[in-house]
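Novice: Position in the sequence shown counted from 1, then plus 615, gives you the working numbering. Built from N, CA and C at the ideal position, the CB exists for glycine as well. The structure is given below, and queries will be raised subsequently.
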Amino acid sequence: MQFVAGKTAFITGGASGIGLGMAQAFAAAGMRIVVADIDEAALSRAETTLKQSGADIKTVSLDVSSGEAWKAVAADVEATFGPVDVLCNNAGVAQARITFDKHLELVDVPDDLWHLLMETNVTSVFNGIKTFAPKMIERGNGGHIVNTASMAGFLAPPGLAVYVASKFAVMGLSESAAGELAPHGIGMSILCPGGVQSNLVATTASRRASLPGASQGPAASLITAPLPHAPKMSPLKVGERVLKAIVNNELYVITHPEYEPLMEERFAAVRAAIGESAEPGYLDTPTMLERSRSQIYLDQASRKQGAGSSIQ
Ligand SMILES: NC(=O)c1ccc[n+]([C@@H]2O[C@H](COP(=O)([O-])OP(=O)(O)OC[C@H]3O[C@@H](n4cnc5c(N)ncnc54)[C@H](O)[C@@H]3O)[C@@H](O)[C@H]2O)c1
616 MQFVAGKTAF ITGGASGIGL GMAQAFAAAG MRIVVADIDE AALSRAETTL KQSGADIKTV
676 SLDVSSGEAW KAVAADVEAT FGPVDVLCNN AGVAQARITF DKHLELVDVP DDLWHLLMET
736 NVTSVFNGIK TFAPKMIERG NGGHIVNTAS MAGFLAPPGL AVYVASKFAV MGLSESAAGE
796 LAPHGIGMSI LCPGGVQSNL VATTASRRAS LPGASQGPAA SLITAPLPHA PKMSPLKVGE
856 RVLKAIVNNE LYVITHPEYE PLMEERFAAV RAAIGESAEP GYLDTPTMLE RSRSQIYLDQ
916 ASRKQGAGSS IQ
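Structural data, given as structure tokens:
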């Protein structure tokens with residue numbers, strides 16, 4: 616999407632952290648913004664902040680895990696604010712820690728925490744694309760979708776199994792959908808940050824508090840405040856980087872390149888596992904292999920970092 620000024624972006628989880636950073640960066644580039652969030656107080660604070668900078672915005676209350684809520688909000692937004700050109704599926708929750716040094720391991724994860732993460736981080740992305748992509752396709756003017764994954768969409772350290780599962784799901788869903796939407800002129804970007812200043816720990820605690828079993832078992836003693844004195848990236852800088860990715864149609868948005876050695880370790884482990892066939896002499900047919908190919912990978916691999924258009 617070469618020209619962003621005057622285009623409308625719909626940002627979930629836009630009232631705080633990375634989503635608010637995107638809203639600020641997009642508004643500074645002349646975009647119109649719909650900020651969608653479940654937290655009414657944060658929405659009202661974000662509205663004040665964004666309006667003070669002169670942004671043309673609308674705030675909407677939305678639980679991203681509800682397909683019905685998406686339909687109602689989309690109808691309202693299109694009737695009162697106009698069509699959406701850029702969808703940012705960004706709302707999310709994290710996997711909790713027991714203490715600052717101890718993660719909540721998979722065997723201790725309550726069932727409802729699993730469902731909360733999957734619904735907030737994954738079903739939400741399905742809901743968002745199902746709601747807005749058909750409208751973009753029908754209008755025929757293209758568009759762009761940004762899905763917030765994480766470095767946890769590439770790396771799976773112990774103690775984060777549920778969060779990692781949700782972010783790998785966002786990664787796979789986005790890569791496959793990118794190939795389906797590209798012929799309609801709809802671009803796709805997957806945001807994969809490391810540490811960013813935000814309210815994610817508090818947000819997760821407050822969303823967890825809405826679960827029936829929140830006050831019992833291991834879930835009762837999970838921490839609700841971020842790690843003290845941990846320096847993190849500015850959400851506005853992340854938002855500015857996302858804007859560049861929209862303009863240049865970059866699939867992977869790697870804001871923290873310092874993770875490259877860790878990513879290479881994973882890629883090397885996968886490469887090392889590719890060896891002898893389980894049935895030597897048997898080969899899947901060239902047709903089956905061709906059906907497994909995605910042009911998206913070839914296109915992205917041939918890109919030069921830093922190349923591309925400036926923001927307009
Ligand atoms: N902060 C980081 O270090 C970091 C790193 C990698 C990825 N991420 C991802 O970035 C995204 C944004 O998180 P953040 O760090 O800015 O946290 P944040 O808590 O500051 O913002 C998340 C926003 O999502 C909203 N939200 C949560 N559940 C919702 C629901 N069901 N419906 C609608 N809105 C909902 C919250 O109210 C909040 O405003 C998340 O997907 C997160 O997994 C964050």
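Using only CA atoms, which one of Lys852, Met751, Ala684 lies nearest to Gly634?
Specialist: The residue given as residue 634 occupies position 19 in the sequence shown. Checking every option, the nearest Cα to that of Gly634 belongs to Lys852.
Novice: Let me check you understand the geometry: is the CB of Asn863 closer than 7 Å to at least one non-hydrogen atom of ligand 1?
Specialist: Here residue 863 corresponds to residue number 248 of the sequence shown, with the count starting at 1. Checking every heavy atom of ligand 1 against the Cβ of Asn863, none is found closer than 7 Å.
Novice: Where does the unbroken alpha helix (DSSP H) through Ser781 begin, and where does it stop?
Specialist: The count along the sequence shown starts at 1 and reaches residue 781 at position 166. Run containing Ser781: 776–796, per the alpha helix (DSSP H) assignment.
Novice: Are Ala711 and Arg823 touching if we call contact CB-CB under 8 Å?
Specialist: Residue 711 sits at position 96 when you count from the first residue of the sequence shown. Residue 823 sits at position 208 when you count from the first residue of the sequence shown. Yes; because the gap between Cβ atoms is below 8 Å, this pair is in contact.
Novice: Give every residue of the same chain whose Cβ lies closer than 8 Å to the Cβ of Ala889, excluding the five residues on either side of it in the sequence, and list them in chain order.
Specialist: The residue you call residue 889 lines up with position 274 of the sequence shown. Looking at the sequence itself, residue 889 is Ile, so the reference to Ala does not match. So the list is empty, once near-sequence residues are dropped.
Novice: Can you determine whether any heavy atom of ligand 1 sits closer than 7 Å to the C-beta of Asp678, and answer yes or no?
Specialist: As a position in the sequence shown, residue 678 is number 63, starting the count at 1. Within the cutoff, so yes.
Novice: Let's see if you can read the secondary structure: which residues bound the alpha helix (DSSP H) around Gly800?
Specialist: Mapped onto the sequence shown, residue 800 falls at position 185. It is not in any alpha helix (DSSP H) - Gly800 carries neither H nor E in the DSSP assignment.
Novice: Is it true that the CB of Gln915 sits closer than 8 Å to the CB of Leu866?
Specialist: The residue given as residue 866 occupies position 251 in the sequence shown. The residue given as residue 915 occupies position 300 in the sequence shown. Annotated as proximal: Leu866 and Gln915, with beta-carbon spacing under 8 Å.
Novice: So, is Ala706 buried or exposed, given that buried needs 16 or more other C-beta atoms within 10 angstroms?
Specialist: Taking the sequence shown and counting its residues from 1, the one referred to as residue 706 is at position 91. With 16 or more Cβ atoms within 10 Å of its Cβ, Ala706 is classed as buried.
Novice: Where DSSP assigns a beta bridge to Phe625, which residues make up the other side?
Specialist: Start at 1 with the first residue of the sequence shown, and residue 625 comes out as number 10. Its beta-bridge partners are Val649, Leu702.
Novice: For His759, count neighbouring C-beta atoms within 10 Å of its own C-beta (all shown protein chains included) and say buried if the count is 16 or more, exposed if not.
Specialist: Counted from its first residue, the sequence shown places residue 759 at position 144. Buried: at least 16 other Cβ atoms inside 10 Å.
Novice: Between Asn705 and ligand 1, is there a pair consisting of the residue's CB and a ligand heavy atom that are separated by less than 7 Å?
Specialist: Stepping through the sequence shown from its first residue, residue 705 is reached at position 90. Asn705: yes, Cβ under 7 Å from ligand 1.
Novice: The beta strand (DSSP E) that contains Ile760, what's its start and end?
Specialist: The residue labelled residue 760 in the question sits at position 145 within the sequence shown. Segment 758–763, the beta strand (DSSP E) holding Ile760.
Novice: State the beta-bridge partners of Ser676 as determined by DSSP.
Specialist: Position 61 of the sequence shown holds residue 676. As DSSP reads the structure, Ser676 sits in a beta bridge with Asp652.
Novice: Cβ of Ser680 within 8 Å of Cβ of Ser739?
Specialist: Here the question's residue 680 lines up with position 65 in the sequence shown. Here the question's residue 739 lines up with position 124 in the sequence shown. Yes, Cβ-Cβ distance for Ser680 and Ser739 is below 8 Å.
Novice: Considering only the alpha carbon of each residue, which of Asn742, Val650, Tyr912 lies closest to Asp671?
Specialist: If you number the sequence shown from 1, residue 671 lands on position 56. The residue with the shortest Cα to Cα distance from Asp671 is Val650.
Novice: For Asn736, verify whether its CB is less than 7 Å away from any heavy atom of ligand 1.
Specialist: Against the sequence shown, residue 736 aligns to sequence position 121. The answer is yes for Asn736.
Novice: Quick one: is the Cβ of Gly634 within less than 7 Å of any heavy atom of ligand 1?
Specialist: Mapped onto the sequence shown, residue 634 falls at position 19. Yes - ligand 1 has a heavy atom lying nearer than 7 Å to the Cβ of Gly634.
Novice: Measure the C-alpha to C-alpha separation of Gln812 and Phe783 and round it to an integer number of angstroms.
Specialist: Counted from its first residue, the sequence shown places residue 812 at position 197. Counted from its first residue, the sequence shown places residue 783 at position 168. Roughly 22 Å between the two C-alpha positions.
Novice: If you pair each beta-carbon of the stretch 711–725 with each one of the stretch 769–779, do three or more pairs fall below 8 Å?
Specialist: yes
Novice: How about Gln808: is its Cβ closer than 7 Å to a heavy atom in ligand 1?
Specialist: Counting from one through the sequence shown, the residue named residue 808 turns up at place 193. Residue 808 is actually Pro in this sequence, not Gln. Yes, the Cβ of Pro808 comes within 7 Å of a heavy atom of ligand 1.
Novice: Excluding the 5 residues flanking Thr623 on each side, which residues of the same chain have their C-beta closer than 8 Å to its C-beta?
Specialist: Here residue 623 refers to the residue found at position 8 of the sequence shown. Excluding residues within five positions, the ones whose Cβ falls inside 8 Å are Met646, Arg647, Ile648, Val649, Phe696, Gly697, Pro698, Val699, Asp700, Val701.
Novice: What's the gap between the Cα of Met637 and the Cα of Ala689?
Specialist: Taking the first residue of the sequence shown as 1, we reach residue 637 at position 22. Taking the first residue of the sequence shown as 1, we reach residue 689 at position 74. Computed Cα separation, rounded: 20 Å.
Novice: Within a Cβ cutoff of 6 Å, which residues of the same chain sit near Ile752, ignoring the five residues on either side of it in sequence?
Specialist: Here residue 752 corresponds to residue number 137 of the sequence shown, with the count starting at 1. For Ile752, where only same-chain residues beyond five positions count, the Cβ hits under 6 Å are His799.
Novice: Could you tell me if the beta carbon of Asp654 falls within a distance shorter than 7 Å of some heavy atom in ligand 1?
Specialist: Mapped onto the sequence shown, residue 654 falls at position 39. Yes, since a heavy atom of ligand 1 falls inside the 7 Å radius drawn around the Cβ of Asp654.
Novice: Looking at the unbroken alpha helix (DSSP H) that takes in Ile713, where does it start and where does it end?
Specialist: Working through the sequence shown from its first residue, we reach residue 713 at position 98. It is not in any alpha helix (DSSP H) - Ile713 instead sits in the beta strand (DSSP E) that spans 712–714.
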